[in-house]
């Protein structure tokens, strides 16, 4: 179902930056919410290193994901 997300212009939801390399990621979205994943579950064994970039281990907190989405209770929000 359409919860009105298509009716709005994208707005800035988050900025991630790394000052030593001057890299910056800006996330724009029409979704009302943003979920942050910090790879807390990674322990260096899953995914197996042979499937990872250059055979690296992905350890706890070595990755991040920003996922734009509706709020979990959006079914109860009228037009929001």
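In the working numbering, the protein residues as written are 20 to 99.
We put the beta carbon where it would ideally sit given N, CA and C, even for glycine.
{"Item": "Using only CA atoms, which one of 77, 37, 29 and 93 lies nearest to residue 59?", "Value": "77"}
{"Item": "With respect to 8 Å, is the separation between the Cβ of residue 51 and the closest non-hydrogen atom of the ligand FAD below this value?", "Value": "Inclusion of the ligand FAD in the displayed structure is not the case, the ligand content being empty and no account of it being possible."}
{"Item": "Taking the alpha-carbon positions, what's the residue 38 to residue 55 distance?", "Value": "20 Å"}
{"Item": "State the Cα-Cα distance for the pair residue 29 and residue 43, rounded to the nearest angstrom.", "Value": "18 Å"}
{"Item": "Here's a check: name, in chain order, each residue in its chain whose Cβ is nearer than 8 Å to the Cβ of residue 71, leaving out the five neighbours to either side.", "Value": "77"}
{"Item": "Give me the DSSP bridge partner(s) of residue 45.", "Value": "34"}
{"Item": "Return helix, strand or coil for residue 95, following the three-state DSSP convention.", "Value": "helix"}
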